[in-house]
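Our numbering puts the first residue of the sequence shown at 549, with every later residue one more than the last.
Think of the CB as a built atom: it goes at the ideal place given N, C-alpha and C, for glycine as much as any other residue.
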Amino acid sequence: MLDATMTQQLSTYLANLREPIELVASLGDDPKSQQTRKLLEEIAALHDMVSAQFDGTDDRKPSFIVRRASDAEKWVRFAGLPMGHEFTSLVLALLWAGGHPPKVDADLLEQVRGLEGDYHFEMYFSLSCHNCPDVVQALTLMAFENSRITATLIEGGTFKDEVESREIMAVPATFLNGEPFYNGKMELAEILSKLDTGSEKKAADKMSAKEPFEVLVVGGGPAGAATSIYTARKGFRTGVAAERFGGQLHDTLGIENLPGTPYTEGPKLAGELERHVGEYDIDVMNLAKAVKLVPAREEGGLHTVEFGNGAKLKTRSLILSTGARWRNLGVPGEAEYRNKGVAYCPHCDGPLFKGKRIAVIGGGNSGVEAAIDLAKIVGHVTLIEYDSKLRADEVLQAKLRSLSNVEIVTNGQTTEITGSNGKVDGLVVKDRASGEERRVELEGVFIQIGLVPNTEWLKDSGLDLTKFGEIAVDEEGRTNLPGVFAAGDVTTVPYKQIVVAMGEGSKAGLSAFDYLIRTEPAEEIAQAA
């Protein structure tokens, strides 16, 4: 089960074990159970503090528990094989069970330990889902830190009957005490905010107590990460407030056009950016959603940003890099059947539609790439493009047209997504040339029609926005408000690409540096000093 590279890496990691751990498997006679036995035997052979036993009695087969030998009440269960994107989650489970300390904020750990009540989590993942590991790892950590929390992590491809019976059509899908808890990616702090009603106020009070920043970056994607590195290197007190550090990178799989990096994946790049930012004295505030900007009353004064949890941060210079999000189709049925056949992440949810008929809406690069990837898994793909021709790169179009199970519809306007029994069963598409409508029977719709800038919260701030909602910036990343800069997909700069966002973020950081050294602090700042 483990190749030479994985064996070597795992052996190196297991050297960090501080106390014995046990792997307890519940197996059947099926091939997956045989593979699970082999995997656990290979792991146990790598370190004398790891033992494997095969006398488990859990109903889910194959499954296995990872637990600390000295504390059997703290455990996590993997049902199915945690390979692919989840192999790292398995490694972390082994390390944490063996006493290796997690690299997690101490306050969050104390919050987990202080939770009262019994929490039994079941979470479904797919091996190709790049958003699932964050949820798997957060629940795993909680189970090892609090004996009243259990986590059962289920590979949906192995337990298809459960997926069908629970009507799971998007992962990650998390259940708590048998009831739906959340569909989608969650980090530890987000889970805790749902369980601990007082956590939001604590976070807000902690943020509001901070001294004014010299540079505050709102948004933690490639642009925000780059700008914070530049301003921190210039010696300015820098803060990053991000709703989700890494931004759209978490929703991007293969990246092949970042110069100097032939191939990487979005979540991996997000992690590397977070580590790079962590090399500097940058105050990163995650899960912070900005809701209002109050500009400084005079040049050189303090700007105030208000957040959804009630917190307020002040800063001499402000860099907005809130990015963009997937555009909704805006037709009847889209919202009603979201996560019930309507999806936005082909890499995460594609395996749940194996052998089924699906549609991809959008003929740009993202839509065509999604159709190509999904065609390898599903039974049939109908790609629908509103324009009279596809807009994707020619190389992608050629690949798409070579696939026998793909139908391409141009001049197609999707007017409705239909469903029955709570799930998608088709869509209605109108030919924009003839006006004729037809219904396409299918079981999934993947929407890939571009991006919307995250600027709704700025509309009453006095900041210049275009009719598309983008922040208007000049060649130096300056907005119409003194001391306020912007970078990345949220701005008017063309070509929404990772490398462009990084460059624009760096530029905005240098422009903020130039502003700070040339602008005298307003009287309110001088008096406070």
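- Task: Report the rounded CA-to-CA distance for residue 827 versus residue 653, giving the unit in angstroms.
- Result: Our two residues, residue 827 and residue 653, have alpha carbons roughly 16 Å apart in a direct line.
- Item | Contact set for residue 923: own chain, Cβ-Cβ below 6 Å, skip 5 residues either direction | 929, 951, 953 and 954
- residue 862 versus residue 1060 - alpha carbon distance: 15 Å
- Item | 8 Å Cβ cutoff met for residue 766 and residue 869 | Against a cut-off of 8 Å, the Cβ pair of residue 869 and residue 766 comes out as a contact.
- Query: Using a Cβ-Cβ cut-off of 6 Å (strictly less than) and excluding sequence neighbours within five positions of residue 672, which residues of its own chain qualify?
  - Reply: 702, 704, 716, 719 and 721
- Message: I need the straight-line Cα distance from residue 940 to residue 886, nearest angstrom please.
- Response: 26 Å
- Alpha carbon of residue 1037 to alpha carbon of residue 921, nearest angstrom: 25 Å
- What is the DSSP secondary structure of residue 800, counted as helix, strand or coil? coil
- Task: Rounded to whole angstroms, what's the CA-CA distance from residue 988 to residue 975? Just pull it up for me.
- Result: 5 Å
- Query: Of all Cβ atoms in chain C, is any one closer than 8 Å to the Cβ of residue 734?
  - Reply: Absence of chain C from the displayed structure is noted, only one protein chain being present.
- Quick one: what does DSSP say residue 828 is sitting in, helix, strand or coil? coil
- When the distance is taken between beta carbons, is residue 908 closer than 8 Å to residue 915? Residue 915 is a Cβ neighbour of residue 908, given a cutoff of 8 Å.
- Task: Determine, using beta-carbon pairs with one atom in the stretch 1010 to 1021 and one in the stretch 1029 to 1044, whether at least three such pairs fall under 8 Å.
- Result: yes
- Among 637, 642, 855 and 820, which residue has its Cα nearest to the Cα of residue 686? 637
- Item | Inter-stretch contact (C-beta, 8 Å, three-pair minimum) for the stretch 779 to 788 and the stretch 730 to 742 | no
- Task: Check whether the Cβ atoms of residue 981 and residue 859 sit closer than 8 Å, and answer yes or no.
- Result: no
- Query: residue 874 bridges to which residues according to DSSP?
  - Reply: 999
- Cβ of residue 855 within 8 Å of Cβ of residue 822? no
- Quick one: which unbroken beta strand (DSSP E) runs of 3-plus residues sit fully inside the stretch 589 to 640? Chain order, please. 598 to 601, 611 to 616 and 619 to 627
- Task: Taking all protein chains shown into account, decide if residue 897 is buried (16 or more other Cβ within 10 angstroms of its Cβ) or exposed.
- Result: buried
- residue 960 versus residue 918 - alpha carbon distance: Looking at the two C-alpha atoms, the distance is approximately 18 Å.
- Query: Does the beta-carbon of residue 808 have 16 or more other beta-carbons within 10 angstroms, so that it is buried, or is it exposed?
  - Reply: exposed
- Message: My output table needs one value for residue 880: the three-state DSSP class, helix, strand or coil.
- Response: In the three-state scheme derived from DSSP, where H, G and I count as helix and E and B as strand, residue 880 is classed as coil.
- Is the stretch 755 to 771 in contact with the stretch 830 to 840, if contact means three or more CB pairs nearer than 8 Å? yes
- Item | residue 997 to residue 910 span [Cα, whole Å] | 5 Å
- Could you check which residue in 999, 1032, 995 and 1024 has the C-alpha nearest to that of residue 1012? 1032
- Going by DSSP, name the residue or residues bridged to residue 979. DSSP, once it has assigned bridges, lists 960 as partnering residue 979.
- Message: Do residue 1073 and residue 900 have their beta-carbon atoms positioned less than 8 Å apart in this structure?
- Response: Not a contact, by the Cβ cut-off of 8 Å.
- Which listed residue (597, 848, 772 and 695) has its alpha carbon closest to that of residue 1064: 848
- Message: According to DSSP, residue 728 sits in a beta bridge with which residue or residues?
- Response: Beta-bridge partners assigned by DSSP to residue 728: 723.
- Task: Over the uninterrupted beta strand (DSSP E) stretch that includes residue 1081, give me the two end residues.
- Result: Limits of the chain in this structure are 549 at one end and 1077 at the other, which puts residue 1081 out of reach.
- Item | First and last residue of the uninterrupted alpha helix (DSSP H) at residue 1066 | 1046 to 1066
- Which word fits residue 711, buried or exposed, when buried means at least 16 other C-beta atoms lie within 10 angstroms of its C-beta? buried
- Task: Would you mind working out which of 755, 713, 841 and 872 sits nearest residue 970, comparing C-alpha positions?
- Result: The shortest C-alpha separation from residue 970 is found at 713.
- Query: Just the Cα atoms here: how many angstroms apart are residue 552 and residue 633?
  - Reply: Looking at the two C-alpha atoms, the distance is approximately 18 Å.
- Query: In this structure, does DSSP put residue 851 in helix, strand or coil?
  - Reply: Under the three-state reduction of DSSP output, residue 851 falls in the strand class.
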